[in-house]
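Reading through the structure tokens given below for one structure.
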Amino acid sequence: MEKAFLKIILCSLLLNYVAVFSASQDFDFFYFVQQWPGSYCDTSQSCCYPTTGKPAADFGIHGLWPNYNDGSYPSNCDPSNPLNPSEIGDLKRSMQRNWPTLACPSADGTQFWSHEWSKHGTCSESVLDQHSYFEAALSLRKKTNLLQALESAGIKPDGSSYSLGSIKDAIKESTGYTPYIQCNTDESGDSQLYQVYVCVDTSGSGLIDCPVFPRGECSSEIKFPAF
Numbered sequence: 396m397e398k399a400f401l402k403i404i405l406c407s408l409l410l411n412y413v414a415v416f417s418a419s420q421d422f423d424f425f426y427f428v429q430q431w432p433g434s435y436c437d438t439s440q441s442c443c444y445p446t447t448g449k450p451a452a453d454f455g456i457h458g459l460w461p462n463y464n465d466g467s468y469p470s471n472c473d474p475s476n477p478l479n480p481s482e483i484g485d486l487k488r489s490m491q492r493n494w495p496t497l498a499c500p501s502a503d504g505t506q507f508w509s510h511e512w513s514k515h516g517t518c519s520e521s522v523l524d525q526h527s528y529f530e531a532a533l534s535l536r537k538k539t540n541l542l543q544a545l546e547s548a549g550i551k552p553d554g555s556s557y558s559l560g561s562i563k564d565a566i567k568e569s570t571g572y573t574p575y576i577q578c579n580t581d582e583s584g585d586s587q588l589y590q591v592y593v594c595v596d597t598s599g600s601g602l603i604d605c606p607v608f609p610r611g612e613c614s615s616e617i618k619f620p621a622f
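Going from the sequence shown to the working numbering is simple: count from 1 and add 395.
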């Protein structure tokens, strides 16, 4: 009887341990995604500049997205924790420069950031609160500096076409890690550089080798449009 009771207690403790461990391992890595505004705006859908004016001709943050090693991802993890703009008031000016909204109608960015926090940020709140989440993304953008990496390799946003391999190599040379390149098509149907994914550890601070890349491939030659 005592052995059976002890067995039940041990099983209960083990299940509790597994539950706590699983809760702390709620994602495996981040995708840090930046987009080229010229490629967002020259599609048939077009774009709208933020109410603060036309963004700089530089890569802007799209998001910091928790992911699993099998390629799936969590989303909308905590509807009870919407973005509180006052939590990121000191970051707002930097976010308007580095994380601009290009969706229509024009806005100041708050709705865009709120969407990113609700869909993705809440799935990382075990390690990053609202302020830390956005601060981490801003720091990663500065650390990666994609435009400088590309221009240092002679790859410039002037409407020319470049090999996909040379773009990946330039970013790897600068960051130390192979990126994933996502393309879209302009109004003429030509493939162009749209978004760059790099992978980040679960602290939101260190770049890592990507455990898995998103599906989809660009053409071997892609445009880098002006903005």
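Just so it is clear, CB atoms sit at the ideal spot from N, CA and C, and this is done for glycine as well.
Neighbourhood of residue i by C-beta, 6 Å cutoff - its chain only, sequence neighbours within 5 removed
i	result
S509	L478
A548	A565
7 Å Cβ shell around residue i - same chain, five flanking residues per side excluded
i	result
T505	P480
G631	Absent from the model: residue 631. The displayed extent of the chain is 396 to 622, so no value can be given.
K514	S470, N471
T446	S501, A502, D503
R610	none
F507	T496, A498
Y426	W460, N462, Y592, C594
Residues bridged to residue i [DSSP beta-bridge criterion]
i	result
K618	S556, Q587
Q543	Looking at the DSSP assignment, Q543 forms no beta bridge with any residue, so it has no partner.
P461	F425
I576	V591
Q430	G455, Q590
I603	C594
Neighbourhood of residue i by C-beta distance below 8 Å, restricted to the same chain and skipping five residues each side
i	result
N464	D423, F424, P606, V607
D581	S434, D437, T438, Q587, K618, P620
Q491	P445, T447, D503, G504
Cα-Cα separation between residue i and residue j, rounded to whole angstroms
i	j	result
A502	P461	26 Å
E616	K551	14 Å
Q543	A451	14 Å
E546	S475	43 Å
L468	P574	Note that residue 468 is Tyr in the sequence shown here, rather than Leu. C-alpha separation (whole angstroms): 18 Å.
N579	T597	29 Å
I576	G516	22 Å
I440	S489	Reading off the sequence shown, one finds Gln at residue 440, where the question assumed Ile. Taking the straight line from one Cα to the other gives about 27 Å.
C443	A531	26 Å
H457	W512	11 Å
Y589	D553	14 Å
S600	D585	35 Å
Supposed contact pair residue j and residue i - C-beta distance, whole angstroms, cut 8 Å
i	j	result
I603	C594	5 Å
D421	S521	6 Å
V591	L541	6 Å
Is it the case that the stretch 566-578 contacts the stretch 524-536, given that we only count it when at least three CB pairs across the two stretches are under 8 Å? no
Meets three-Cβ-pair contact criterion under 8 Å: the stretch 481-489 and the stretch 541-559: no
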